[in-house]
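Per the working numbering, residue 31 is the first one in the sequence shown, and the count goes up by one each step. Report on the following structure.
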Amino acid sequence: MKSLTEKFKSEAIREIPASGLSGSVSWQSPSNIALVKYWGKREIQLPMNPSVSLTLQEAHTTTKTAFSISKIRREPVLDYRFEGEPNNAFQARILKYLNSIEEFMPFLRNIELVIESSNSFPHSSGIASSASAFSALALCLADMENKLRGTESYGSEFFNKASFLARLGSGSAARSVYPGAVLWGETDALADSSDEVATGLYDSMDEVFKSFRNVILIVDPRKKTVSSSAGHDLMNANPFAEQRFDQARRHTREIIHILKSGDLHAFSELVEYEALCLHAMMLSSRPGYFLFAPQTLSVLNRIRSFRSETGIPVAFTLDAGANVHFLFPDENQDEVFHFIDTSLKEFCADGKYLSDRVGRGPQKL
Ligand code: PMV
Numbered sequence: 031m032k033s034l035t036e037k038f039k040s041e042a043i044r045e046i047p048a049s050g051l052s053g054s055v056s057w058q059s060p061s062n063i064a065l066v067k068y069w070g071k072r073e074i075q076l077p078m079n080p081s082v083s084l085t086l087q088e089a090h091t092t093t094k095t096a097f098s099i100s101k102i103r104r105e106p107v108l109d110y111r112f113e114g115e116p117n118n119a120f121q122a123r124i125l126k127y128l129n130s131i132e133e134f135m136p137f138l139r140n141i142e143l144v145i146e147s148s149n150s151f152p153h154s155s156g157i158a159s160s161a162s163a164f165s166a167l168a169l170c171l172a173d174m175e176n177k178l179r180g181t182e183s184y185g186s187e188f189f190n191k192a193s194f195l196a197r198l199g200s201g202s203a204a205r206s207v208y209p210g211a212v213l214w215g216e217t218d219a220l221a222d223s224s225d226e227v228a229t230g231l232y233d234s235m236d237e238v239f240k241s242f243r244n245v246i247l248i249v250d251p252r253k254k255t256v257s258s259s260a261g262h263d264l265m266n267a268n269p270f271a272e273q274r275f276d277q278a279r280r281h282t283r284e285i286i287h288i289l290k291s292g293d294l295h296a297f298s299e300l301v302e303y304e305a306l307c308l309h310a311m312m313l314s315s316r317p318g319y320f321l322f323a324p325q326t327l328s329v330l331n332r333i334r335s336f337r338s339e340t341g342i343p344v345a346f347t348l349d350a351g352a353n354v355h356f357l358f359p360d361e362n363q364d365e366v367f368h369f370i371d372t373s374l375k376e377f378c379a380d381g382k383y384l385s386d387r388v389g390r391g392p393q394k395l
């Protein structure tokens with residue numbers, strides 16, 4: 031069977047209208063939090079194991095673009111602004127990205143592009159913005175392609191292409207183009223799953239998870255000391271890598287089942303174990319490193335005590351960083367927010383946390 035990479039290459043539009051094309055497209059796209067983690071990759075952002083995430087609602091990137099496509103072929107001309115200001119580091123990363131996806135979108139060699147991007151979450155919150163940023167940008171690019179094709183179609187083909195393009199910017203961004211629970215990577219638990227794109231699982235989620243809450247406890251707002259890409263690379267020589275990839279394949283099958291069944295006890299057991307296994311991979315890399323802080327461990331202990339004392343099915347998970355994602359059912363929000371304010375806030379930098387929930391996916395503006 032033809033890979034999506036080949037399909038998108040062969041279907042790429044190569045004809046530019048004689049009079050050119052200009053316009054603007056804007057998308058808002060959310061961040062996501064992985065339940066089963068992607069950690070380790072091969073080639074261009076292909077995962078070593080499948081992962082499953084929950085798309086968030088409040089933490090998102092808004093990307094507004096104005097484009098002009100002409101017959102002149104050259105490098106993409108980009109004017110990029112982040113929160114109203116030029117940003118050289120982001121500008122360089124996006125130019126590199128645009129050049130890297132040119133074989134799927136040849137019109138990027140004919141484009142003048144102005145991008146205005148902003149995040150709903152504070153700059154120094156330690157929240158990785160690459161998932162929301164690259165998914166918002168990929169949706170804009172797929173939309174420009176729609177315009178070149180003269181269609182206004184936002185069906186499954188559109189989101190499939192956007193997920194593919196988002197993945198090439200940042201792996202976890204592939205999952206942000208869909209609402210609710212999202213799978214990225216091939217698994218025998220789901221026919222048509224693919225390493226090249228994500229697949230939405232929203233329709234098969236139990237209702238309890240569709241309204242799940244996620245509070246991000248900002249334990250340390252600083253930029254992490256080891257980037258995700260360095261972390262993925264260190265997996266190449268990790269002595270436990272193969273066992274980890276097999277384990278994540280099993281966990282993917284389990285979480286898909288749990289998300290369908292609504293089993294909250296199984297959910298917290300598996301999701302917390304996954305978070306700890308992700309950090310175990312960091313500890314056992316060479317050189318070994320850790321991204322959690324002393325306060326992270328205090329928060330995790332308190333969350334576990336709260337669960338065993340109250341019976342409320344809360345769960346924690348961690349990203350590649352010190353902040354804690356605190357997951358719980360919507361119906362328990364009163365007790366849980368009281369617990370956060372009285373027992374967890376003291377471990378957060380300036381008492382800061384962000385309240386979020388499982389989201390409805392990206393929005394065209
Ligand atoms: O998409 P990246 O390269 O930033 O990697 C994300 C890695 C984790 O956030 C730790 C796990 C995940 O699946 O999102």
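Think of the CB as a built atom: it goes at the ideal place given N, C-alpha and C, for glycine as much as any other residue. Keep in mind it's a predicted model, so treat the numbers as computed, not measured.
Taking the C-alpha atoms as reference points, what is the distance between residue i and residue j?
i                 : j                 : result
valine 174        : serine 52         : Note on residue identity: the sequence assigns methionine, not valine, to residue 174. Distance between the alpha carbons of methionine 174 and serine 52: 9 Å.
serine 315        : glycine 50        : 51 Å
arginine 104      : phenylalanine 137 : 10 Å
alanine 219       : arginine 283      : 6 Å
leucine 313       : arginine 72       : 21 Å
threonine 85      : glycine 210       : 5 Å
phenylalanine 377 : glutamine 325     : 6 Å
proline 338       : tyrosine 303      : Residue identity check: residue 338 is serine in the sequence provided, not proline. Straight-line Cα distance between these residues: approximately 16 Å.
serine 183        : asparagine 176    : 7 Å
glutamate 89      : leucine 213       : Note that residue 89 corresponds to alanine in the displayed sequence, not to glutamate. Looking at the two C-alpha atoms, the distance is approximately 19 Å.
serine 373        : phenylalanine 346 : 15 Å
glutamine 75      : leucine 65        : 19 Å
serine 258        : alanine 350       : 7 Å
phenylalanine 405 : arginine 332      : Nothing can be reported for residue 405: it is not among the residues displayed for the chain, which extend from 31 to 395.
isoleucine 342    : leucine 169       : 38 Å
histidine 281     : leucine 308       : 12 Å
aspartate 371     : glycine 230       : 34 Å
tyrosine 319      : proline 77        : 22 Å
proline 317       : arginine 279      : 26 Å
glycine 391       : lysine 191        : 15 Å
glutamate 365     : glycine 381       : 18 Å
glycine 389       : arginine 139      : 35 Å
alanine 166       : glutamine 277     : 31 Å
serine 40         : serine 224        : 19 Å
glutamine 363     : threonine 340     : 13 Å
serine 81         : alanine 310       : 17 Å
methionine 135    : valine 227        : 17 Å
Between which two residues does the beta strand (DSSP E) containing residue i stretch?
i                 : result
isoleucine 333    : Note, isoleucine 333: premise wrong, no beta strand (DSSP E); alpha helix (DSSP H) at 324–340.
lysine 94         : 81–99
glutamine 58      : 51–66
alanine 228       : 228–230
serine 258        : Here serine 258 belongs to no beta strand (DSSP E); instead the alpha helix (DSSP H) covers 258–264.
valine 245        : 243–247
alanine 221       : Per DSSP, alanine 221 belongs to no beta strand (DSSP E) and is neither H nor E.
phenylalanine 367 : Here phenylalanine 367 belongs to no beta strand (DSSP E); instead the alpha helix (DSSP H) covers 363–369.
proline 356       : Residue identity differs from the one stated: residue 356 is phenylalanine in this sequence, not proline. 354–358 is the span of the beta strand (DSSP E), which, as asked, contains phenylalanine 356.
valine 238        : No beta strand (DSSP E) contains valine 238, which is instead part of the alpha helix (DSSP H) from 237–240.
alanine 350       : Where alanine 350 is concerned, there is no enclosing beta strand (DSSP E), given that its DSSP letter is neither H nor E.
leucine 143       : 141–149
aspartate 192     : Note that residue 192 is alanine in the sequence shown, not aspartate. That residue, alanine 192, is in no beta strand (DSSP E); its alpha helix (DSSP H) goes 186–199.
tryptophan 214    : 211–214
Taking 8 Å as the CB-CB cut-off, is residue i touching chain D?
i              : result
isoleucine 288 : In the displayed structure, chain D is absent; only one protein chain is listed.
Do residue j and residue i have their beta-carbon atoms positioned less than 8 Å apart in this structure?
i                 : j                 : result
alanine 203       : alanine 161       : yes
proline 251       : alanine 119       : no
tryptophan 69     : methionine 265    : yes
serine 83         : valine 207        : no
glutamate 133     : alanine 42        : yes
phenylalanine 194 : leucine 34        : yes
phenylalanine 275 : isoleucine 288    : no
alanine 352       : alanine 305       : no
isoleucine 46     : lysine 94         : no
serine 241        : aspartate 360     : yes
arginine 179      : asparagine 62     : no
isoleucine 141    : phenylalanine 97  : yes
threonine 91      : serine 159        : yes
aspartate 383     : lysine 375        : One detail in the question is off: residue 383 reads as tyrosine in this sequence, not aspartate. For tyrosine 383 and lysine 375, yes; Cβs fall inside 8 Å.
phenylalanine 367 : phenylalanine 336 : no
alanine 253       : leucine 321       : Note that residue 253 is lysine in the sequence shown, not alanine. No, the pair does not count as a contact, with Cβ atoms beyond the cut-off.
Got a sec, what are the start and stop residues for the alpha helix (DSSP H) residue i sits in?
i             : result
glutamate 36  : 34–40
arginine 123  : 118–130
aspartate 276 : 271–291
aspartate 163 : Reading off the sequence shown, one finds alanine at residue 163, where the question assumed aspartate. Where alanine 163 is concerned, the enclosing alpha helix (DSSP H) stretches over 160–179.
arginine 111  : Taken as a continuous stretch (DSSP letters only), arginine 111 belongs to no alpha helix (DSSP H), being part of the beta strand (DSSP E) at 107–112.
leucine 313   : 294–313
Whether or not the segment 194–203 and the segment 141–154 are in contact is what I'm after, with contact meaning three or more pairs of Cβ atoms, one per stretch, closer than 8 Å; do they touch? no
contact_flag[the segment 235–247, the segment 351–371] where n(CB pairs < 8 Å) is 3 or more: yes
Should the segment 130–146 be called in touch with the segment 96–113, which here means at least 3 C-beta pairs below 8 Å? yes
Touching or not, the segment 216–231 and the segment 116–134, by the rule of three or more beta carbon pairs under 8 Å? no
Is the segment 279–293 touching the segment 228–245, taking contact as three or more C-beta pairs under 8 Å? yes
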